[in-house]
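Visitor: Take a look at this one; I'll ask things after.
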Amino acid sequence: MKSAFRHHCARAADNTAEHAIIAGGLRRSYGSGDAAVTALDGVDLAFRRGHLTAIMGPSGSGKSTLLHCLAGLDAPDEGSIVVGGTELTGLRDGALTRLRRDRFGFVFQAFNLLPVLDAAANITLPLDLAGRRPEPGWFDHVVDRLGLADRLAHRPHELSGGQQQRVAIARALVTRPDVVFADEPTGNLDSRSGTEVLRLLRTSARADGQTIVLVTHDPVAAGYADRVVVLGDGRVVADLTAPTTEEIIAVAHPRRPA
Amino acid sequence: MSAWSHAAVTQIRLAFAQARADAGRMIASAIAVALGAAFVVAAFGITATSERAVLNSLAQQYSSTAVVVGADGDAAVPADACQKALTRLRSGGLVGAAVIDYGGAVAIAPAGQAFDTDNSLPLSSISPAGPLRWERVLAGRLPARPGEVAVSGPSSLSVGDSVLAQGVAYGNVSDQAAGAAYPLRVVGVVDIQADPRSGTGARLYTTARQAQLLGAAPGQLRLAAGAGMSEAATLDRARRLLSATPATAALPVVSGEQAAKTIMDGYTGDTAGVTAALLVFVALALLTAAMVIANTFAVVLAQRVRELGLLRCVGATAKQIRRSTLAEAAVLGSISSTLGALLGVGLTVLVAVAFGRGVPEVPLGAPVIPISAPATAILAGTAVTLVASLVPIRAAARVKPLAALHPLDSAADADTSLSRLLLWGVLGLLSLVGLFVTAAADQLAIAVIVGVFNFCTLALLVRLGASRLTAAAGRLLNRLGGISARLATENLRRHPRRTGASVVALLVGVTLTCAVLVGVSAARATATDSLVDAYPFDVTVTAGSTGFPQDIRQRIQGLHGVDAVTPLTSGHLRVGGHEIDAVGIDVDTVSQVSRTDQSVDLPSPGHVAMSYETADELNAGDGTTVRLSGDKSDLTLAVSIAQVPGLAAGDIALDQTDLNTLSGRTSITRLWVRLSGDSPSDQTQADLSAIAKTAGSASRGAEVTANISTRQTLDSVLNFLLTVVLGLLAVTGLIAILGLGNTLALSAIERSQESAMMRALGATRRQLAATVVWEAIQQSVVATALGSVLGIVYGLVGVRAVLYGVRIDVPWPRLALLGSFAVLAGVIAALLPAWRTTGGALMDRIAATH
Chain C
0 MKSAFRHHCA RAADNTAEHA IIAGGLRRSY GSGDAAVTAL DGVDLAFRRG
50 HLTAIMGPSG SGKSTLLHCL AGLDAPDEGS IVVGGTELTG LRDGALTRLR
100 RDRFGFVFQA FNLLPVLDAA ANITLPLDLA GRRPEPGWFD HVVDRLGLAD
150 RLAHRPHELS GGQQQRVAIA RALVTRPDVV FADEPTGNLD SRSGTEVLRL
200 LRTSARADGQ TIVLVTHDPV AAGYADRVVV LGDGRVVADL TAPTTEEIIA
250 VAHPRRPA
Chain G
0 MSAWSHAAVT QIRLAFAQAR ADAGRMIASA IAVALGAAFV VAAFGITATS
50 ERAVLNSLAQ QYSSTAVVVG ADGDAAVPAD ACQKALTRLR SGGLVGAAVI
100 DYGGAVAIAP AGQAFDTDNS LPLSSISPAG PLRWERVLAG RLPARPGEVA
150 VSGPSSLSVG DSVLAQGVAY GNVSDQAAGA AYPLRVVGVV DIQADPRSGT
200 GARLYTTARQ AQLLGAAPGQ LRLAAGAGMS EAATLDRARR LLSATPATAA
250 LPVVSGEQAA KTIMDGYTGD TAGVTAALLV FVALALLTAA MVIANTFAVV
300 LAQRVRELGL LRCVGATAKQ IRRSTLAEAA VLGSISSTLG ALLGVGLTVL
350 VAVAFGRGVP EVPLGAPVIP ISAPATAILA GTAVTLVASL VPIRAAARVK
400 PLAALHPLDS AADADTSLSR LLLWGVLGLL SLVGLFVTAA ADQLAIAVIV
450 GVFNFCTLAL LVRLGASRLT AAAGRLLNRL GGISARLATE NLRRHPRRTG
500 ASVVALLVGV TLTCAVLVGV SAARATATDS LVDAYPFDVT VTAGSTGFPQ
550 DIRQRIQGLH GVDAVTPLTS GHLRVGGHEI DAVGIDVDTV SQVSRTDQSV
600 DLPSPGHVAM SYETADELNA GDGTTVRLSG DKSDLTLAVS IAQVPGLAAG
650 DIALDQTDLN TLSGRTSITR LWVRLSGDSP SDQTQADLSA IAKTAGSASR
700 GAEVTANIST RQTLDSVLNF LLTVVLGLLA VTGLIAILGL GNTLALSAIE
750 RSQESAMMRA LGATRRQLAA TVVWEAIQQS VVATALGSVL GIVYGLVGVR
800 AVLYGVRIDV PWPRLALLGS FAVLAGVIAA LLPAWRTTGG ALMDRIAATH
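The listed protein sequences derive, respectively, from chains C and G.
Each residue of the first sequence is one higher than the one before, starting from 0 at the first, in numbering that gives the first Met the number 0.
Each residue of the second sequence is one higher than the one before, starting from 0 at the first, in numbering that gives the first Met the number 0.
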């Protein structure tokens, strides 16, 4: 009994060391009565540090709800989410806000940047909100890696879509967060800019050990991931490690039997 | 139904639907219009109500009077003219009741105290019982015999009190008591209703006999129609009788109705100025409301740009869009100004009732609201809404159909170019110089026009440059506010026109309030100075017939609130064949009691001071000598022509030592007293009555004249004026603050997706709210700073143009208070929008970003 408990603790410690974020038994439904929709129906997932994980699934499969719950933007009805040893569910708004600011980075599909701030100010916005200064070396590193050095003084409307997304990624990386959440980051981009954005995300995972959770419905985008989780009707229906695009298509878009 | 009318119906339906859908966003505009409309109705309603009350009161006083003789404005009636006219009318067969009304003024002294000549009361004779008696009692009864008196209005006297009264001849600043003192007993309180001639002060009524004894003069003769004779026939016969006799031919003869109307017209002449001033404030309030409306429409229509594009996509013409948005403005304007007009009616009724209950001395009677007031309010409110919305509506109608398909343009509008700002700046500067020049040249009318033009150009300059100014204010303030303040600055820069409109609306209120504060303060300082120069002593105490005992100086000096006392002595001297009263002044001690820093004309040793007239009478002139003889010795002194303050005409003044050399029978007849403290306070009246008591007990019939009371009266008049003007300006300020809050709220709604994104990135609710509050602070700081500077300049120029020898006294504490209040009001206006920014489910808005 005693040894089993110790074993359990050891595994949990091991898990926290190895995983940036651990979710268990997540359930979330919207509405009530006939209009009730179950978006998450018992999801257990752990995301390894330094990995780029893609979450896929058709519309309504619950992938956006999962991302919002994991990122503390929405609260699950049931289940637990642990980030770096902190239980997320049940935190008050203030604590959750600080957690998002200090531990998470975000890249959205659109409306990513504040139009009134230039690129540099947009990148340092989370630090400014926290009242912290950027680490000079790291800021330059991120800006260089994303190729934004000559775009820092531009306002968002002076940047192309791809450049805007690169600024958003730089903003997500500059705080050295535990996890970067990217919600359809290539949805609004042409394929060349999209590819560039995905490469940059993968590089920051591989070279800097950044944990990234990417939500996408594009099998090509998912092909850049170390792992692909496929959702369907609020449950995990497939969990693939370093799959090829063909494998992903086979699982995520199975041809209907004739 | 024709195609055209069907389209029109569709448009009107769309306008109503839009107005309903955007009701929340339009609510501030609606309130602004409603406030303006309510202001119009209340201003005209209250004026009309008070005029009606006055007319009713006057009509009552002249209700049974057929003929009024000798009431022609302010022209004096010869002393016995009324009596002669009465004799003539009686002999001519006019036998109706008649009365001669006497009017005068008395100083009163509670038993054993000195007379208070500063607070003399108007005195009227009471009409004898009969058709001509209009006086009604509120309490007690009317005086029936000499020695009885009734009061009206607010006074410290109540039924049963006994006082000593003495007739008073009006002087320019202080009054002189004259004649014998009579004991009077208060027997009743008269209901005067709303006679404008009595003002809001107290008035005394006594019998005609007693009034005459107290120096009251006959003012008019009133005659009622006799039995069997109409009022018109009585008037006609009276006219013929009086014009036939030389002694009475010059007397004006009018009907009672006409006499009431003449007084009413004089009063209306006064109210015409008040009405004109009210109109200026009404116009200001409506102008500010127009700015709020224009801004709201611009913002709401900008937010509706996709919708408008969609309408264009499905085939709406630009003209149809313009029409339906104009219809929306008409719906908004007419509904809210109608509600505002109702509010104004309610306000008028409330004021009339409140006056009736709270200030029975000035009853307003039933509220009167001329139908033109609400009609004007609704028309003006709707017109202002329509005109103000025109520019934003034209811009909205230019929306391209493609706008429906594009995401909202998030790029900031460009700031106004520096060259354009420079152009307006030069124009503003030139007109400011023009203002200085015309004001210095005493061209008041032109200066007013140039001033208005100058303010318009400067307001436009501020409007165009507001976003640059808030950015500059931001650079100074943002150290305190961190990222929230920085974002606020950038948000304000995003919409320079919105920022400009909010700032200018606030600027108008702050500038005018400041100008009024500075103007009134300078006027107060200047008037106080000239009062002090003419009457440099706080209190003058004059002995009764017996003179004061020698220790009077010490007794007064020992009283609370007394700073210094200088006694003046009197003696009789002879110059040539003339008997003359001389006053001895201890010149060295005068500086201790004098308030003025100007030199007071006083006789130095070896000199005798007298007026030009007195010198003329004594065949002397400035620099010549006269030989004065007293009971002790004779002296030859040099004459200096001078106006010694407080010296009676015909008296001469000399140094006290010289007077003592001449006469051994001098007595202290007067004291000049300086009170401690520089300005009148609540304690002053108590100190004055202590002086009056001491003086009254030392010399029966002593008088106390306090120039400090005149200053106090001036202060209270100016304070009342200030309160009224600030109250009227407050409407404008309220509307401006409302507009500021509304624009902040609308901009915050517009940014809701950005706010949601920031919340995701870790912005706290407090940080988001702080951004909105900082926007308010930056705008109100700019408006307040510029408004204060402009207000001080306008206030000073204004008071310079109106008054001579202005002493500038900028009321810094009040201005600081105003400034803090304006900024605080801005912050309060921001609280609701700030709170709303942070509310709502985060997820819904994140979802909206997809």
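For every residue, glycine included, the Cβ atom is placed at its ideal position computed from N, Cα and C.
These numbers were taken from a predicted model, which means no experiment stands behind them.
(1) Any beta-carbon of chain G closer than 9 Å to the one on A118 of chain C?
(2) Measuring CB to CB, does L126 of chain C end up less than 9 Å from T96 of chain C?
(3) Mind checking E612 of chain G: buried by the 16 CB within 10 Å criterion, or exposed?
(4) Would you call Y534 of chain G buried or exposed, if buried means 16 or more other Cβ atoms sit within 10 Å of its Cβ?
(5) Evaluate contact between the stretch 714-730 of chain G and the stretch 554-569 of chain G, counting only Cβ atoms and requiring at least three cross-stretch pairs below 8 Å.
(6) Please decide whether F103 of chain C counts as near chain G, where near means a Cβ-Cβ distance under 9 Å.
(7) Determine which residues of the stretch 752-765 of chain G have a Cβ less than 8 Å from any Cβ of chain C, and write them out in chain order.
(8) Give a yes or no on whether the minimum CB-CB distance between T210 of chain C and chain G is below 9 Å.
(9) Can you round the beta-carbon distance between L128 of chain C and I482 of chain G to whole angstroms, since I take them to be within the 8 Å contact cut?
(10) What in chain G is Cβ-close to R132 of chain C, meaning under 9 Å?
(11) Who are Y223 of chain C's beta bridge partners in DSSP?
(12) What does a CB cutoff of less than 7 Å around S242 of chain G pick up in its chain, not counting 5 residues either side in sequence?
(13) Select from the stretch 137-169 of chain C all residues with a C-beta closer than 9 Å to any C-beta belonging to chain G, and list them in chain order.
(14) Using C-beta distances below 7 Å, list every residue in its chain close to S698 of chain G, excluding the 5 sequence neighbours before and after it, in chain order.
(15) Counting only C-beta atoms, is A70 of chain C closer than 9 Å to chain G at any point?
(16) Does the beta carbon of L486 of chain G come closer than 9 Å to any beta carbon on chain C?
(17) Around the C-beta of I30 of chain G, are 16 or more other C-beta atoms found within 10 angstroms, so that it is buried, or is it exposed?
(18) Could you check whether the Cβ of T185 of chain C sits closer than 9 Å to any Cβ belonging to chain G?
(19) Please report the distance separating the alpha-carbon of A608 of chain G from that of V672 of chain G.
(20) Any contact of the stretch 312-319 of chain G with the stretch 479-499 of chain G, i.e. 3+ C-beta pairs under 8 Å?
(21) Taking Cβ to Cβ, would you say P182 of chain G is nearer than 9 Å to A207 of chain G?
(22) Taking buried to mean at least 16 other C-beta atoms within 10 Å of its own C-beta, is R523 of chain G buried or exposed?
(23) Under a Cβ-count criterion, where at least 16 other Cβ atoms within 10 Å of its own Cβ denotes burial, should A815 of chain G be classed as buried or exposed?
(24) Give me the chain G residues within the contact set of V115 of chain C, using Cβ-Cβ distance strictly less than 8 Å, ordered along the chain.
(25) So, does the CB of T88 of chain C fall closer than 9 Å to a CB anywhere in chain G?
(26) In chain C, which residues lie with their C-beta within 8 Å of the C-beta of G481 of chain G?
(27) Distance check for L307 of chain G and T742 of chain G, CA to CA, integer angstroms please.
(28) In the DSSP assignment, find the beta strand (DSSP E) that holds V236 of chain C and state where it starts and stops.
(29) Where G23 of chain G and S336 of chain G are concerned, what is the direct C-alpha to C-alpha distance, given to the nearest angstrom?
(30) Give the DSSP-derived three-state secondary structure of E245 of chain C in the structure shown.
(31) Quick one: what's got a C-beta closer than 7 Å to T375 of chain G's C-beta in the same chain, skipping five residues either side?
(32) Measure the alpha-carbon distance for N111 of chain C versus L283 of chain G and round it to whole angstroms.
(33) In terms of residue numbering, what span does the beta strand (DSSP E) encompassing E578 of chain G cover?
(34) Taking 8 Å as the cut-off, does the CB of T206 of chain G come closer than this to any heavy atom belonging to the ligand NAP?
(35) Can you list, in chain order, the residues of its chain whose CB lies under 8 Å from that of I791 of chain G, leaving out five sequence neighbours each side?
(36) Identify which residue in G:G649, G:F820, G:L457 and G:F43 has its Cα closest to the Cα of D580 of chain G.
Guide: Here's the rundown:
(1) Translated into the one-based positions of the first sequence, residue 118 of chain C becomes position 119. Chain G contact via Cβ: absent.
(2) Residue numbering aside, residue 126 of chain C sits at position 127 when the first sequence is read from its first letter. Residue numbering aside, residue 96 of chain C sits at position 97 when the first sequence is read from its first letter. Taking 9 Å as the Cβ cut-off, L126 of chain C and T96 of chain C do not qualify as a contacting pair.
(3) Counting from one through the second sequence, the residue named residue 612 of chain G turns up at place 613. Label assigned to E612 of chain G: exposed.
(4) By 1-based counting over the second sequence, the position of residue 534 of chain G is 535. That one is buried.
(5) no
(6) Reading the first sequence from its first residue, position 104 is the one you call residue 103 of chain C. Yes, F103 of chain C counts as interfacial toward chain G.
(7) Q752, E753, M756, M757, R758, A759, L760, G761, A762, T763 and R764
(8) Stepping through the first sequence from its first residue, residue 210 of chain C is reached at position 211. No, T210 of chain C lies away from the interface with chain G (no Cβ there is under 9 Å from its Cβ).
(9) Here residue 128 of chain C is taken as the residue at index 129 of the first sequence, counted from 1. Here residue 482 of chain G is taken as the residue at index 483 of the second sequence, counted from 1. That pair is a contact at about 6 Å.
(10) Taking the first sequence and counting its residues from 1, one reaches residue 132 of chain C at position 133. When 9 Å is used as the limit between beta carbons, R132 of chain C is near no residue of chain G, the shortest such separation being about 12 Å.
(11) To locate residue 223 of chain C, count along the first sequence from 1; it is residue 224. Per DSSP, none; premise fails for Y223 of chain C.
(12) By one-based count along the second sequence, residue 242 of chain G stands at place 243. Excluding sequence neighbours, S242 of chain G sits near A248.
(13) R154, P155, H156 and E157
(14) Counting from one through the second sequence, the residue named residue 698 of chain G turns up at place 699. Around S698 of chain G: A542, G543, T545, G546 and F547.
(15) Locating residue 70 of chain C in the first sequence gives position 71, counting from the first residue. It does: the Cβ of A70 of chain C has a partner Cβ on chain G nearer than 9 Å.
(16) As a first step, residue 486 of chain G is located in the second sequence; it is residue number 487 there, counting from the start. At least one chain C Cβ lies under 9 Å of L486 of chain G.
(17) The count along the second sequence starts at 1 and reaches residue 30 of chain G at position 31. By the 10 Å Cβ count, I30 of chain G comes out buried.
(18) Taking the first residue of the first sequence as 1, we reach residue 185 of chain C at position 186. Chain G, which has no Cβ nearer than 9 Å to the Cβ of T185 of chain C, makes this no.
(19) The sequence position of residue 608 of chain G within the second sequence is 609, counting from 1. The sequence position of residue 672 of chain G within the second sequence is 673, counting from 1. Whole-angstrom Cα-Cα distance: 21 Å.
(20) no
(21) The residue given as residue 182 of chain G occupies position 183 in the second sequence. The residue given as residue 207 of chain G occupies position 208 in the second sequence. No, the Cβ-Cβ distance between P182 of chain G and A207 of chain G is not below 9 Å.
(22) Translated into positions along the second sequence, residue 523 of chain G becomes position 524. So R523 of chain G counts as buried.
(23) Here the question's residue 815 of chain G lines up with position 816 in the second sequence. By the 10 Å Cβ count, A815 of chain G comes out exposed.
(24) Numbered from its first residue, the first sequence carries residue 115 of chain C at position 116. Residues of chain G passing the Cβ test: A411, L486, E489, N490, R492 and R493.
(25) Along the first sequence, read from residue 1 onward, the residue named residue 88 of chain C stands at position 89. No, because no Cβ of chain G sits closer than 9 Å to the Cβ of T88 of chain C.
(26) Within the second sequence, numbered from 1, the residue matching residue 481 of chain G stands at position 482. Those are D127 and G130, listed as they occur along chain C.
(27) Numbered from its first residue, the second sequence carries residue 742 of chain G at position 743. Numbered from its first residue, the second sequence carries residue 307 of chain G at position 308. For T742 of chain G and L307 of chain G, the distance between alpha carbons rounds to 21 Å.
(28) Walking along the first sequence from the start, residue 236 of chain C turns up at place 237. Here the beta strand (DSSP E) through V236 of chain C covers R234 to T240.
(29) Numbered from 1 along the second sequence, position 24 holds the residue referred to as residue 23 of chain G. Numbered from 1 along the second sequence, position 337 holds the residue referred to as residue 336 of chain G. Straight-line Cα distance between these residues: approximately 17 Å.
(30) By 1-based counting over the first sequence, the position of residue 245 of chain C is 246. Residue state, collapsed to three classes: helix.
(31) Taking the first residue of the second sequence as 1, we reach residue 375 of chain G at position 376. The residues are V39.
(32) Counting from 1 along the first sequence, the entry for residue 111 of chain C is found at position 112. Counting from 1 along the second sequence, the entry for residue 283 of chain G is found at position 284. Cα to Cα, N111 of chain C sits roughly 44 Å from L283 of chain G.
(33) Taking the second sequence and counting its residues from 1, one reaches residue 578 of chain G at position 579. Its beta strand (DSSP E) spans residues H577 to I584.
(34) The model depicted lacks the ligand NAP and carries no ligand whatsoever.
(35) As a first step, residue 791 of chain G is located in the second sequence; it is residue number 792 there, counting from the start. Excluding residues within five positions, the ones whose Cβ falls inside 8 Å are C513, A514, V517, V809 and L814.
(36) Translated into the one-based positions of the second sequence, residue 580 of chain G becomes position 581. For D580 of chain G, the nearest C-alpha among the options comes from G:G649.
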